[in-house]
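Just add 65 to wherever you are in the sequence shown, counting from 1, and you've got this note's numbering. Glycine included, C-beta positions come from ideal geometry on N, C-alpha and C. Let me begin by presenting the structure, written as structure tokens, before commenting on it.
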Amino acid sequence: MLIWTIVIETSHFNGGTITWVPVYPNDTSSSILITITQSYSWVYPTVNCTTNIPTNAGSTNLICVANCSTDGGYTSHPISILTDCTSYSTSLNMTTSERSVNVTLNQGAYFWISNNGSAWRNLTNVATTNKPDWSIVSLIDLRRRPDGVINTPPVGEVTSPQYVVFNQTNSIKIYVSDVNIEDFINTTSNQPMSSVPVQFLIYVLPTPYCSQAPQILPLTGCFEVQVNVSVNFTLYTMNFCNRTKVTITDIIFTVDISGMQASSLVNSTTNTSLAYVTLNWTPQTNQIGSQQFCAVAYTSEKVQSSSYCAKFTVTTSKPCITTTTTTTTDITSTTSKTTTTTESTTTSATLETTTSATSETTTTTTSATSMTTTSTTLETTTATTSTQTTSTTTTTITTTTGITETSTTATTATTTTTTSIT
């Protein structure tokens, strides 16, 4: 067995995932092409935003750790653990990295690969002064299902570390997506065909001035994009706190689309509650199909939003055409240090938020401009139904203090069905 360690000697690792998908699930040949994606989080600036992260890891690879006699030829051509920076934050001391690599394995392969080493971030209540070891594993299963298809495992996404507030009950939502809709061979089976290990840290914050989380506003418009045609999107996040005391400082991309570039964070000049990044992307031929990114927003007190994910369909034909209408919405917000009850109602494009508080209550009214986009498709011929599956696994915890390591495994997903006219 090959034994190795990463040579970086400081506490630099936050967690991550190793996922894979078959490029052609219906391929009937004896050799199966799959894409293996590694996504990791590191401590900045110990690990800088660059290519080939971690830079001092040498030629270390993902290694087979179980069922290696049926690895389908992987050991002969292993994959490097090196990844490329996707984003970094000086305020959060965080670098995120990702890399996808294609590999061809024998049909029927069934084995576990692992990235392991040392140098987790310093954890609270660890019995030893040594830096804890870590290991991230993934099960690769290329055995055909009874219907002849290679199973596509679900994908789990969570930011590490997760920031939670001291002495409050906090919910951690884990975004899970499964393109197969189900992960069981039939309705009576209770044995999942695949699993998604997710490993992350929890960082307990002192009570902030404003504990209300920011919100990333969903993208609108056409989610079909054409190969070799540049597209631009603006991703907004809303700050519900008193902007003179708490600001939006970061939007971190936890799942990246190769080639998609994000601008620096910009504060809106027309609405002080909004901040945004501009995304630019020219899809390539090898990206035909579904492509997805996920992002999380943070305030200056490290209070984080729920993860927001957007999935695009890359095609060779003309995408849908959109028209945009601009409307103005009056937003009245009340911010306080201590909140006991919050009630929200929305009517006639007016958002009214009423908060009862015990002290230091400030009320402000601003005028916000929102974009409403309608998608239309030219030359409508047939109606097709596509199914996109997403789910959220929620972990509820009561915090005490310090940093804690948490692992969870997602195996199921819920289904949302949408109909599009093509």
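Query, Result
"How many angstroms separate the CA atom of Val88 from the CA atom of Val230?", "41 angstroms"
"Do you know whose CA, among Gly81, Tyr274, Gly80, lies nearest Val368's CA?", "Tyr274"
"In terms of alpha-carbon separation, which member of Thr234, Arg308, Pro283 lies closest to Tyr373?", "Pro283"
"Which complete beta strand (DSSP E) runs does the region 118 to 142 hold, if anything under 3 residues is left out?", "128 to 131"
"Can you list, in chain order, the residues of its chain with a C-beta nearer than 8 angstroms to that of Asp92? Leave out the 5 residues immediately preceding and following it.", "Leu98, Ile215"
"Compare the Cα-Cα distances from Trp177 to each of Asn167, Leu204, Ser328, Met159 and report the closest residue.", "Leu204"
"Check the C-beta distance from Ala278 over to Ile317 and give it rounded, since I have them as a contact under 8 angstroms.", "Not really, about 14 angstroms apart at Cβ, beyond 8 angstroms."
"Within the same chain, show all residues whose beta-carbon is closer than 6 angstroms to that of Asn345, passing over the 5 residues directly before and after it, in chain order.", "Asn297, Gln326"
"Using the DSSP secondary-structure output, state which residues sit across from Asp149 in a beta bridge.", "Glu163"
"Which residues in the same chain as Leu330 place their Cβ atom closer than 8 angstroms to its Cβ, once the five residues preceding and following it in sequence are excluded?", "Ile313, Thr314, Asp315, Ile316, Ala340, Tyr341, Val342"
"Measuring CB to CB, does Ser225 end up less than 7 angstroms from Ser94?", "no"
"When we look at the beta-carbon of Gly123 and count the other beta-carbons within 10 Å, is it buried (16 or more) or exposed?", "Residue placement at Gly123 is poorly supported in this model, since its pLDDT is 49, which falls under 50; the coordinates still yield a value, given next. Burial call: exposed."
"Could you tell me which residues DSSP pairs with Tyr373 in its beta bridges?", "Ala360"
"Looking only at DSSP bridge pairs, what is Tyr175 linked to?", "Asp206"
"Does DSSP put Asn351 in a helix, a strand or coil?", "helix"
"Please report the residue range of the beta strand (DSSP E) in which Thr299 lies.", "296 to 303"
"Where Thr161 and Asn113 are concerned, what is the direct C-alpha to C-alpha distance, given to the nearest angstrom?", "10 angstroms"
"Using CA atoms only, rank isn't needed, just tell me which of Thr100, Asn79, Ser104 is closest to Pro49.", "No information on residue 49 is available, as it lies outside the stretch 66 to 487 that the chain covers here."
"Mind checking which residues open and close the beta strand (DSSP E) that includes Glu366?", "Where Glu366 is concerned, there is no enclosing beta strand (DSSP E), given that its DSSP letter is neither H nor E."
"Looking at the structure shown, is Gln277 part of a helix, part of a strand, or coil, going by DSSP?", "coil"
"For Val294, count the other beta carbons within 10 Å of its own beta carbon; 16 or more makes it buried, fewer makes it exposed. Which is it?", "exposed"
"Mind checking Thr155: buried by the 16 CB within 10 Å criterion, or exposed?", "exposed"
"Give me the residue from Thr285, Ser338, Cys287 with the minimum Cα distance to Asn307.", "Ser338"
"Nearest-angstrom Cα distance between Gly137 and Ile281?", "42 angstroms"
"Leaving aside the five residues before and after Thr302 along the sequence, list all residues of the same chain whose C-beta is less than 8 angstroms from its C-beta, in chain order.", "Pro279, Gln280, Ile281, Leu282, Ile313, Ile316, Leu339, Ala340, Tyr341, Ala362, Ser370"
"Going by the CB atoms, is the gap between Asn181 and Ser165 shorter than 7 angstroms?", "no"
"Identify the continuous beta strand (DSSP E) that holds Ile101 and give its terminal residues.", "96 to 108"
"With DSSP as the reference, please indicate the residues paired to Gln291 in a beta bridge.", "Thr380"
"Would Thr151 and Asp321 qualify as a contact pair, given that the criterion is a beta-carbon distance under 7 angstroms?", "yes"
"On the DSSP bridge list, what partners appear for Asp315?", "Tyr363"
"Output the boundary residues of the beta strand (DSSP E) element that contains Val230.", "227 to 230"
"Report the partner residues of Ile502 according to the DSSP bridge assignment.", "Limits of the chain in this structure are 66 at one end and 487 at the other, which puts residue 502 out of reach."
"Measuring only the C-alpha atoms, how far is Gln349 from Ser104?", "21 angstroms"
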